[in-house]
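For reference, the structure discussed in these notes is given below.
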Amino acid sequence: MLNWKGAGAPLVDAHVHLHEDPSMSNEVDVIVAVSDDLESSKKTLEMNAIKCIGVHPWSVEEASEKDLIEIESLIENADCLGEVGLDNRYVRNKEKARRFFEAFLRMSREYDVPLNLHALDAWREVFDLLIKYDIKRAYFHWYNGPLDLLEEIVGQGYFIGINAAIDIQRKHLKVLQATPLKAILTESDGPYNYRGVVLRPSRVRKLIGIISSDKGVSEEDVKNAVFLNLVRWLGKYPRIGGP
Ligand SMILES: [Zn+2]
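Take 277 as the starting number for the sequence shown in the working numbering and just add one per residue.
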């Protein structure tokens, strides 16, 4: 671990909207910061975190093609693209959402940067597009899709986000049970408000305990596995701590 000086394996939160509340940055050892639009992408690039830029499917409606061009011009300073993807539950303009997502798929391929994906009720569609675009590294944030598709995702070497809301979202436990440790990334989606609970990176600590009991391995082994998954998803060792 390049410059990891802490005791034990680092605690990872692989999906945080850090630009919304930078005070969350000290709650875990490694944060992957995602963006929602051009403006937040610029903010994310200033954060002390692993940096994903992009346009969230919920923000596509207000975004312009010019925003896409500008985001592409910032890509050399970013580590990943996110939060990008499709959403068949809440997004009405599906055609525009698809056009934007396909632009990010092309960028992922062209610049060899991994994807931090939103795929709510569009799990299969997003997976098929990853295959079509020959995407090497992708992570399905807060996966709640079908379990047979989960097997295909893992078989492809992609990653599954297990969210800290698992203690209040029962169905997510089935996803954890079906996901091997080698494919798990831990996350909070902070500061998202889920059923009246504000999700924050600090909740990942408890999540590690839940994964540890489900998989029958120590918490230290869970943290180590998740960190190695993060390195494989990123395609490099992250810089941790320091300016
Ligand atoms: Zn998110």
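Idealized CB from N, CA, C, for every residue including glycine.
- request: Report yes if the C-beta distance between PHE376 and VAL402 is below 8 Å; otherwise report no.
  value: In this structure, VAL402 does not lie closer than 8 Å to PHE376 by Cβ.
query: Do you know offhand how far TYR434's Cα is from HIS291's?
result: One C-alpha to the other measures close to 15 Å.
query: If GLY511 and ARG413 are in contact, beta carbons under 8 Å, what's the gap, nearest whole angstrom?
result: Between the beta-carbon of GLY511 and that of ARG413 there is about 6 Å, and that keeps the pair under the 8 Å contact cut.
- prompt: Terminal residues of the continuous alpha helix (DSSP H) containing ILE429?
  reply: Looking at the DSSP string, the run of the alpha helix (DSSP H) that includes ILE429 is 423 to 431.
- request: Please confirm whether any heavy atom of ligand 1 lies closer than 7 Å to the CB of TYR468.
  value: Yes, since a heavy atom of ligand 1 falls inside the 7 Å radius drawn around the Cβ of TYR468.
message: Quick test of your reading: LYS327 and ALA309, contact by CB under 8 Å. State the CB separation rounded to the nearest angstrom.
response: For a cut-off of 8 Å, the C-beta gap from LYS327 to ALA309 is around 6 Å, short enough to register as a contact.
query: Counting pairs of beta carbons, one from the stretch 435 to 442 and one from the stretch 461 to 474, are three or more of them closer than 8 Å?
result: Yes, the stretch 435 to 442 is in contact with the stretch 461 to 474.
- request: Sort out for me which residues DSSP pairs LYS524 with in a bridge.
  value: Outside the displayed range of the chain (277 to 519) lies residue 524, so it cannot be described from this structure.
- prompt: I think GLU463 touches TRP418, with their Cβ atoms under 8 Å apart; what is that distance to the nearest whole Å?
  reply: Indeed they touch by this definition, with Cβ atoms about 7 Å apart.
- prompt: Within the structure, which residues are defined as neighbours of ligand 1 by a Cβ-heavy atom distance below 5 Å, reported in chain order?
  reply: Here the residues come out as GLU359, ASP465.
- request: Can you have a look at PRO514 and say buried or exposed, based on whether 16 or more other CB atoms are within 10 angstroms of its CB?
  value: Buried is the call here.
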